[in-house]
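**Q** Right, I'll just put the structure down here and ask away after.
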Amino acid sequence: MWLHADRAGTGDSIVLVHGFTQTRNCWGPIATDLEADHTVIRVDAPGHGMSSEMMAGLRGGGRLIADQGGEAVYLGYSMGGRYLIHLALGNPELVRGLVLIGATAGIEDPVERAARAEADAATGRKVREMGLLEFVKAWVSAPMFEGLPPEHQFLMERMENTVEGLENSVIQAGTGSQDPTWDKLARFEMPVLVVAGEQDVKYAALGRRMVDEIGDNASLAIIPGAGHAAHLERSDEFLTVLREWLATNSL
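Throughout, the numbering used here is defined as the position within the sequence shown, counted from one, plus 172.
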């Protein structure tokens with residue numbers, strides 16, 4: 173069982189794992205820039221794109237992503253970051269470097285986590301009730317994405333998804349299903365870059381905590397003026413930060 177992935181470029185590998193409702197084709201200038209000196213592996217996460225029929229939780233999905241990426245730098249956004257935290261815990265020998273954008277190590281309070289699982293299940297029902305197009309339009313119109321420019325909403329690319337795939341994904345890989353791993357982050361020995369948008373207050377705070385928990389091999393980058401999708405809202409600023417981190421760590 174293999175996830176779908178597209179490869180382009182030459183050089184050391186960097187694996188890109190997108191967020192919920194996106195696909196491998198939702199990286200825009202990020203993938204294009206990295207292809208200049210890396211082999212870029214753009215993965216369709218479980219339940220998305222050409223992997224829509226493949227269902228997996230965060231641990232299993234992390235292993236499937238590792239099967240496609242091998243030894244590489246791994247970069248994940250939001251849902252993609254959650255998968256990569258589990259990948260890096262399960263297969264640290266494959267992760268030369270780890271980049272987490274708008275990600276979390278989970279909800280510790282069991283009552284809050286159960287409430288989030290209920291909310292995720294409700295989101296899954298909305299996908300089926302609204303249909304793919306209307307759900308995706310509503311998703312990208314949410315306040316957390318208000319800074320996302322139209323050309324980086326990737327509405328057409330998101331239409332490669334399916335109702336069934338998204339419904340299963342939000343239930344199996346949503347934050348409500350994520351086992352909290354805060355107490356395990358100190359195991360990370362690879363270089364880690366944690367990124368959040370300045371205006372994404374919740375995830376900026378989570379990012380600061382992740383860096384504190386990981387230790388000296390982790391660094392935090394707050395992208396000025398950006399929200400949750402910081403890499404797409406302020407692509408130039410994000411690429412500057414990413415390139416400096418890659419160079420500093422010889423990645």
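Every residue gets a Cβ at the ideal spot worked out from N, C-alpha and C, and that includes glycine.
Around the C-beta of Arg406, are 16 or more other C-beta atoms found within 10 angstroms, so that it is buried, or is it exposed?
**A** buried
**Q** Arg196 by DSSP, collapsed to three states: which one?
**A** coil
**Q** Could you give the distance in angstroms between the alpha-carbon of Ser424 and the alpha-carbon of Ala393?
**A** Residue coverage of the chain in this structure runs from 173 to 423, which leaves residue 424 outside it and unanswerable.
**Q** Can we say the stretch 369-385 touches the stretch 291-310, given the rule of at least three CB pairs closer than 8 Å?
**A** no
**Q** Entirely within the stretch 363-398 and at least 3 residues each: give me those beta strand (DSSP E) ranges in chain order.
**A** 364-369, 390-395
**Q** With 16 as the cutoff for other CB atoms within 10 Å, does Val299 come out buried or exposed?
**A** buried
**Q** Under DSSP, the beta strand (DSSP E) around Ile273 begins and ends at which residues?
**A** 267-273
**Q** Suppose only complete runs of 3+ residues qualify. What are the beta strand (DSSP E) ranges in the stretch 248-307, listed by chain order?
**A** Counting only runs of 3 or more, we get 267-273.
**Q** Taking the alpha carbon of Gln371 as the point to measure from, which residue in Leu261, Ala419, Arg214, Gly274 has its own alpha carbon closest?
**A** Gly274
**Q** With a threshold of 16 other CB atoms inside 10 Å of the CB of Pro363, please say whether the residue is buried or exposed.
**A** The Cβ neighbour count for Pro363, taken over all protein chains shown within 10 Å, is at least 16; the residue is labelled buried.
**Q** Thinking C-beta only, is Ser185 closer than 7 Å to Ala277?
**A** no
**Q** For the pair the stretch 227-236 and the stretch 192-200, tell me if three or more CB-CB distances fall below 8 Å.
**A** Contact between the stretch 227-236 and the stretch 192-200 is absent: fewer than 3 CB-CB pairs across the two stretches fall below 8 Å.
**Q** If we count the other Cβ atoms within 10 Å of its Cβ and call it buried at 16 or more, is Pro315 buried or exposed?
**A** So Pro315 ends up on the exposed side.
**Q** Indicate whether Phe410 and Ile386 have their beta-carbon atoms separated by less than 7 Å.
**A** no
**Q** According to DSSP, simplified to helix, strand and coil, what is Ala244?
**A** strand
**Q** For Glu367 and Ile395, I'd like the C-alpha separation in whole angstroms.
**A** The sequence given here places Val at residue 367; Glu does not occur at that position. Near 7 Å, if we compare the C-alpha coordinates of Ile395 and Val367.
**Q** Could you please give the first and the last residue of the uninterrupted alpha helix (DSSP H) stretch that includes Asp408?
**A** From DSSP, the alpha helix (DSSP H) with Asp408 extends over 407-420.
**Q** Using the rule of at least 16 other Cβ atoms within 10 Å of the residue's Cβ for burial, across every protein chain shown, is Asp439 buried or exposed?
**A** Outside the modelled stretch of the chain, which goes from 173 to 423, sits residue 439, for which no answer is possible.
**Q** What are the boundary residues of the beta strand (DSSP E) that includes Asp178?
**A** 177-180
**Q** In the DSSP output, which residue or residues are listed as bridge partners for Leu188?
**A** Arg214, Leu247
**Q** Going by alpha carbons, who is nearest to Ala217 out of Pro282, Asp209, Pro264, Thr334?
**A** Thr334
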